[in-house]
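Engineer: Once you know that position 126 of the sequence shown is 125 in numbering that gives the first Met the number 0, the rest is easy, because the numbers rise by one and skip nothing. Supplied in C-alpha cells, the structure appears directly below.
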Amino acid sequence: MLAIIRFILMTLALVFICCAACIYSVLRPFHRNNVFHTSHYLSKVSTLLGLTIEVRIPESIKDIGPAVYICNHQNSYDMFTVSAAVQPSTVSVGKKSLKWIPFFGQMYWLTGNILIDRSNSSKAINTIALTAKKITEKELSVWLFPEGTRSNGKGLLPFKTGAFRTAQQANVPIISVCVSNLHGKIKLGRWNNGKLIIELLEPIYFNSQAKESIREVANTAHKNMLVKIAELSKESGNELILKNKV
0 MLAIIRFILM TLALVFICCA ACIYSVLRPF HRNNVFHTSH YLSKVSTLLG
50 LTIEVRIPES IKDIGPAVYI CNHQNSYDMF TVSAAVQPST VSVGKKSLKW
100 IPFFGQMYWL TGNILIDRSN SSKAINTIAL TAKKITEKEL SVWLFPEGTR
150 SNGKGLLPFK TGAFRTAQQA NVPIISVCVS NLHGKIKLGR WNNGKLIIEL
200 LEPIYFNSQA KESIREVANT AHKNMLVKIA ELSKESGNEL ILKNKV
C-alpha cells in the first residue's frame with residue numbers, strides 16, 4: 000500500500016512541478032536560473048521517497064562562476080536526487096527527444112536546458128561549439144552526464160569526451176559531482192530508504208593540464224570519481240562492489 004501511495008504522490012508532484020515551472024518560465028522564458036529553481040523543487044520529491052540527501056560543496060566552488068559539471072548518471076530517480084546539487088545559473092544538456100515527454104519535456108525545454116540531436120554526429124560536434132558559446136556569452140554553467148546513459152547498477156561507465164571538449168573550448172573548469180550508489184537503495188514499500196550523499200570535487204582547470212590530451216583529462220576525472228563514489232557509497236551504507244575500468 001505504501002508503494003502505491005508513494006507512486007501516486009510522486010507522479011502528482013512531478014506533474015505539478017512541471018506545470019508550475021512551465022508557467023513560471025513563460026513569464027521569464029529561458030532565464031538563467033529557471034533550471035536552478037525547478038531543480039530545487041524536484042529534489043524535494045526525494046522526501047516522499049523516504050530518502051535523505053546531503054550535498055557537500057567545497058568552499059573553492061562556491062561563487063566559482065561558469066563551469067562544466069559532470070555527474071554520474073544512475074537511474075530515473077536522478078531527477079529527484081542529483082537535482083539537489085544543481086547550482087545557480089546552470090542548465091543541462093539532454094536529448095532532443097525529451098521535449099516530447101508529456102509535462103516533463105515541455106518543462107525541460109522552457110526552463111532553458113539545451114537540447115541536442117544525438118542521432119546526427121555532425122550536429123553533435125556543432126553542439127559542443129554552441130554550448131561553449133552559450134557558456135561564455137551568457138555566463139552559464141552546464142551540467143552533463145559524461146557516461147552518456149544510465150548505469151543501472153553497473154558502476155561508473157566509461158566517459159565520452161564531449162563535456163571535456165566543451166569545457167576546453169569555453170575555457171572553464173570541470174567540476175565532478177559524485178553521487179553515492181543509488182542502485183537498489185530506493186524501495187517504495189520501505190518507509191525509510193536511508194541517506195544519499197552528493198559531493199562536488201575540486202575543479203579541474205585545463206590551463207594546468209595543458210600537456211594532457213582531452214582523453215587523459217577525462218580518464219583522470221573518471222578515476223577520481225570512482226574513488227570518491229566508492230567512499231560515499233560505503234559511508235551511506237549502500238556500497239556497490241564492481242570492478243570498474245577507465
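Don't be surprised by glycine CBs; every beta carbon is placed ideally from N, CA and C.
Using 10 angstroms around the beta-carbon of Pro28, count the other beta-carbons present and answer buried if the total reaches 16, otherwise exposed.
Structural biologist: In the sequence shown, the residue the question calls residue 28 occupies position 29. The residue in question, Pro28, is exposed, as its Cβ has fewer than 16 Cβ neighbours within 10 Å.
Engineer: Anyone know if the C-beta pair for Thr89 and Ile52 falls short of 8 Å?
Structural biologist: For the purposes of this step, residue 89 is taken as the residue at position 90 of the sequence shown. For the purposes of this step, residue 52 is taken as the residue at position 53 of the sequence shown. Going by C-beta atoms, Thr89 is not nearer than 8 Å to Ile52.
Engineer: DSSP three-state label for Tyr40, please.
Structural biologist: Locating residue 40 in the sequence shown gives position 41, counting from the first residue. Reduced to three states, the DSSP call for Tyr40 is helix.
Engineer: Do the region 160-169 and the region 131-147 touch if we need at least three Cβ pairs shorter than 8 Å?
Structural biologist: Touching, yes, given that three or more Cβ pairs across the two stretches are closer than 8 Å.
Engineer: Between the C-alpha atoms of Asn71 and Val176, what's the straight-line distance to the nearest angstrom?
Structural biologist: Stepping through the sequence shown from its first residue, residue 71 is reached at position 72. Stepping through the sequence shown from its first residue, residue 176 is reached at position 177. If you take the alpha carbons of Asn71 and Val176, they lie about 7 Å apart.
Engineer: Looking only at DSSP bridge pairs, what is Val176 linked to?
Structural biologist: One-based indexing of the sequence shown puts residue 176 at position 177. Looking at the DSSP assignment, Val176 forms a beta bridge with Cys70 and Leu199.
Engineer: Closest to Ser248 by C-alpha separation, out of Gly154, Asn125 and Pro172, would be which residue?
Structural biologist: Lying before the first or after the last residue shown, residue 248 is absent from the chain, which here runs from 0 to 245.
Engineer: Per the contact definition of three or more C-beta pairs closer than 8 Å, is the region 106-114 in contact with the region 21-37?
Structural biologist: The region 21-37 is in contact with the region 106-114.
Engineer: Once the 5 residues before and after Phe102 are set aside, which same chain residues still bring their CB inside 6 Å of it?
Structural biologist: Mapped onto the sequence shown, residue 102 falls at position 103. Counting only Cβ-Cβ distances below 6 Å, and skipping sequence neighbours, we find Val14 and Cys17.
Engineer: Once you ignore the five residues that flank Cys21 on each side, which residues in its own chain have a CB closer than 6 Å to its CB?
Structural biologist: On the sequence shown, residue 21 is found 22 positions in, with the first residue counted as 1. Gln105, Met106 and Leu109, listed in sequence order.
Engineer: Just tell me which of Val34, Phe205, Asn237 and Ile197 has its CA closest to the CA of Met224.
Structural biologist: Taking the first residue of the sequence shown as 1, we reach residue 224 at position 225. Checked all of Val34, Phe205, Asn237 and Ile197; the closest Cα to Met224 is Ile197.
Engineer: Can you say whether Lys242 is buried or exposed, counting buried as having 16 or more other CB atoms within 10 angstroms of its CB?
Structural biologist: Looking up residue 242 in the sequence shown gives position 243. Legend: pLDDT at Lys242 = 47, less than 50; position of this residue unreliable, no value from coordinates given.
Engineer: Exposed or buried, Val67, counting other C-beta atoms within 10 Å across all chains shown (16 or more means buried)?
Structural biologist: Working through the sequence shown from its first residue, we reach residue 67 at position 68. The residue is buried, with at least 16 neighbouring Cβ atoms inside 10 Å.
Engineer: Is the region 186-202 in contact with the region 41-58, if contact means three or more CB pairs nearer than 8 Å?
Structural biologist: Yes, the region 186-202 is in contact with the region 41-58.
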